């Protein structure tokens with residue numbers, strides 16, 4: 001009788017398991033949870049519309065309040081801290097620093113959601129939204145410096161212009177003041193509330209139990225900050241003023257009570 005074959009037969013239980021691909025699985029899992037989070041957010045807004053609107057109004061007012069307190073480096077300071085770089089290289093550095101800062105905020109909130117006893121989620125979510133907004137507002141202001149298109153006016157007026165840019169996710173054309181808001185009026189607040197709602201929907205998965213936690217929170221914030229920066233830079237390039245053609249501008253005013261942004265590096 002012929003002996004048993006020496007090679008293992010295909011399909012046997014002791015055959016090696018197929019290679020696993022955790023990254024695509026994690027992405028699919030994150031996408032499923034994000035979709036569920038959006039559904040829950042819409043349902044919650046439907047059932048508690050007045051409370052949701054009140055919360056968004058509070059966050060919008062809080063961001064408007066902190067905007068003039070955000071320390072912004074003018075072009076002279078930035079060129080001194082990043083010597084030898086041209087406008088695009090300097091802008092790349094600023095975007096990388098801001099993305100690192102917002103990813104740190106996202107990781108911290110995501111990690112908090114994975115604790116055995118999670119903290120108060122509405123407070124944590126508000127902290128993440130305002131923290132990310134402050135970092136991105138600083139980035140927007142400094143990108144306008146780098147591209148030579150500082151908005152006219154005093155600290156409060158420029159802060160309103162940057163808020164308009166942030167809430168609309170567009171660069172502002174300083175030659176056309178009518179295209180952006182320079183007053184903290186009702187129209188700006190309405191647009192900001194819409195923007196904040198989008199961020200709530202985006203950030204909610206980071207706070208859901210059984211989510212993949214800090215890593216996803218960091219990746220999502222980093223990605224969205226880079227996407228925002230790309231839109232702003234595309235607009236600013238259209239009206240960019242070369243450095244050798246810039247008139248001499250006065251140094252930027254220091255905020256009376258500067259906001260501390262420990263997430264962002266101050267130098268190269």
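In full-length UniProt numbering, the protein residues as written are 1 to 268.
Glycine is no exception: its CB is placed at the ideal position from the N, C-alpha and C atoms.
Given the structure is predicted, the values throughout are model-derived calculations rather than measurements.
(message) Checking 8 angstroms against the spacing of the C-beta atoms, do residue 271 and residue 54 come in under that value?
(response) Nothing in the structure corresponds to residue 271, since the chain is present only between 1 and 268.
(message) Considering just the uninterrupted stretch of the alpha helix (DSSP H) at residue 240, what are its terminal residues?
(response) Sequence index remark: in the chain shown, residue 240 carries index 240 (1-based). It is not in any alpha helix (DSSP H) - residue 240 carries neither H nor E in the DSSP assignment.
(request) Using only alpha-carbon positions, find the residue among 223, 238, 186, 247 that is nearest to residue 61. (result) One-based indexing of the chain shown puts residue 61 at position 61. If we check each option's Cα against that of residue 61, 186 comes out closest.
(message) Taking the alpha carbon of residue 76 as the reference point, which residue from 189, 87, 168, 255 has its own alpha carbon closest?
(response) The sequence position of residue 76 within the chain shown is 76, counting from 1. The candidate whose alpha carbon is nearest that of residue 76 is 87.
(request) For the alpha helix (DSSP H) holding residue 86, just list the boundary residues, first then last. (result) In the chain shown, the residue the question calls residue 86 occupies position 86. That residue, residue 86, is in no alpha helix (DSSP H); it is neither H nor E in DSSP.
(message) Between the alpha carbons of residue 233 and residue 123, how many angstroms are there, rounded?
(response) By 1-based counting over the chain shown, the position of residue 233 is 233. By 1-based counting over the chain shown, the position of residue 123 is 123. Taking the straight line from one Cα to the other gives about 32 angstroms.
(request) Consult DSSP for residue 260 and reduce its assignment to one of helix, strand or coil. (result) Here residue 260 corresponds to residue number 260 of the chain shown, with the count starting at 1. Correct three-state label for residue 260: coil.
(request) Let me know if residue 258 comes out buried or exposed under the rule of 16 or more other beta-carbons within 10 Å of its beta-carbon. (result) Against the chain shown, residue 258 aligns to sequence position 258. Exposed, by the Cβ-count rule.
(request) Find the nearest neighbour of residue 239 within the set 146, 98, 134, 100, judged by alpha-carbon distance. (result) Indexing the chain shown from 1 puts residue 239 at position 239. For residue 239, the nearest C-alpha among the options comes from 146.
(message) Spatial neighbours of residue 163 within its chain, please: C-beta separation below 6 angstroms, excluding the five flanking residues on both sides.
(response) Within the chain shown, residue 163 is the residue found at index 163, counting from 1. Closer than 6 angstroms at Cβ, skipping near neighbours: 67.
(request) Please work out which residues of its chain come closer than 6 angstroms, Cβ to Cβ, to residue 198, disregarding the five sequence neighbours upstream and downstream, and give them in chain order. (result) Numbered from its first residue, the chain shown carries residue 198 at position 198. Here the set comprises nothing.
(message) Comparing C-alpha positions only, which one of 74, 159, 132 sits nearest to residue 65?
(response) Start at 1 with the first residue of the chain shown, and residue 65 comes out as number 65. Checked all of 74, 159, 132; the closest Cα to residue 65 is 159.
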